[in-house]
Amino acid sequence: MVAAIVLQLAACQRGSNATLGERAGKYWQLKQEKRWEEVYDGYLDPALKGGLSKDAFLKKRLLAFDIVTFTITDSSENGDQGTVHVKIDANLPLLGIGGKVQMHRKELTTEDAWVRHDGTWYIRLSE
0 MVAAIVLQLA ACQRGSNATL GERAGKYWQL KQEKRWEEVY DGYLDPALKG GLSKDAFLKK
60 RLLAFDIVTF TITDSSENGD QGTVHVKIDA NLPLLGIGGK VQMHRKELTT EDAWVRHDGT
120 WYIRLSE
């Protein structure tokens, strides 16, 4: 019984048993916390990693906007393809007069494409 629990915990950590909505929620939580290395390591589509080094991925995230709150409004699966709709309340950096960066709060909606490999959902980013 202990071995079964250990195996279940290991599977949960890899995400293979997590639903699309659960994986998307954790992904957005990591984005909100700007934990980009964890996003790259655990959530980025492995097919994209061949053409995008971790260093290049992290550099693109330096100017990321601040996510104040997010809500997964819908998720749908079609085989190994998935779509997640997210409502975001964010602070966006905008260049103001005199070159000063000002933060502007804005509500946004986005649609994320996901793909499932070996039972685990990964975000498909267009880098």
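Position 65 of the sequence shown, counting from 1, maps to 64 under numbering that gives the first Met the number 0, and the rest follow consecutively.
Just so you know, even glycine gets a beta-carbon here, dropped at the ideal spot from N, CA and C.
Everything numeric in this text was worked out from a predicted model, so none of it was measured.
At the level of alpha carbons, what is the spacing between Ser125 and Tyr26?
Start at 1 with the first residue of the sequence shown, and residue 125 comes out as number 126. Start at 1 with the first residue of the sequence shown, and residue 26 comes out as number 27. Their Cα atoms are separated by approximately 16 Å.
Taking Cβ positions, are Val114 and Asp54 nearer each other than 7 Å?
Working through the sequence shown from its first residue, we reach residue 114 at position 115. Working through the sequence shown from its first residue, we reach residue 54 at position 55. In this structure, Asp54 does not lie closer than 7 Å to Val114 by Cβ.
Since Ser74 and Ala23 should fall inside the 8 Å C-beta cutoff, what is the C-beta to C-beta distance between them, to a whole number of angstroms? Reading the sequence shown from its first residue, position 75 is the one you call residue 74. Reading the sequence shown from its first residue, position 24 is the one you call residue 23. Correct: roughly 6 Å between the Cβ atoms.
* Element boundaries [alpha helix (DSSP H), containing Lys105] -> Against the sequence shown, residue 105 aligns to sequence position 106. For Lys105, there is no enclosing alpha helix (DSSP H); the enclosing beta strand (DSSP E) has its first and last residue at 100-116.
Under three-state DSSP, which class holds Arg123?
Against the sequence shown, residue 123 aligns to sequence position 124. Note: Arg123 maps to strand in three-state DSSP.
| Whole-Å CB distance - Ala89 paired with Phe64, under 8 Å assumed | The count along the sequence shown starts at 1 and reaches residue 89 at position 90. The count along the sequence shown starts at 1 and reaches residue 64 at position 65. Correct: roughly 5 Å between the Cβ atoms.
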